[in-house]
Amino acid sequence: MGGVVAGIWGFTGLTGFVFYLLIMAIASLGLLAKAKFSVGNYFDSWNRIILDGFFGGLMV
11 MGGVVAGIWG
21 FTGLTGFVFY
31 LLIMAIASLG
41 LLAKAKFSVG
51 NYFDSWNRII
61 LDGFFGGLMV
């Protein structure tokens, strides 16, 4: 979603990448808060929340 918004708003280059990082960080924190910071109950590890979503979005 961060990449789509960055593209629509015309953020390119470093600005678009930083915007994407910011949106992904906010989304990861939102997931953690929704899970009440009990990662083990809902996910395999912290990497599932933080890194998998970030790198998955970069590959699209």
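Per our numbering: the sequence shown = residues 11 to 70.
Note that the Cβ used here is the ideal one computed from N, Cα and C, for glycine as well.
Between the C-alpha atoms of residue i and residue j, what's the straight-line distance to the nearest angstrom?
i, j, result
"residue 29", "residue 37", "12 Å"
"residue 23", "residue 39", "25 Å"
"residue 55", "residue 31", "20 Å"
"residue 45", "residue 53", "9 Å"
"residue 26", "residue 51", "34 Å"
Taking buried to mean at least 16 other C-beta atoms within 10 Å of its own C-beta, is residue i buried or exposed?
i, result
"residue 20", "exposed"
"residue 82", "Any answer about residue 82 is impossible in this case: the structure gives the chain only from 11 up to 70."
"residue 17", "exposed"
If the criterion is Cβ atoms closer than 9 Å, does the pair residue i and residue j meet it?
i, j, result
"residue 87", "residue 15", "Missing from the structure shown is residue 87; the chain here goes from 11 to 70 and no further."
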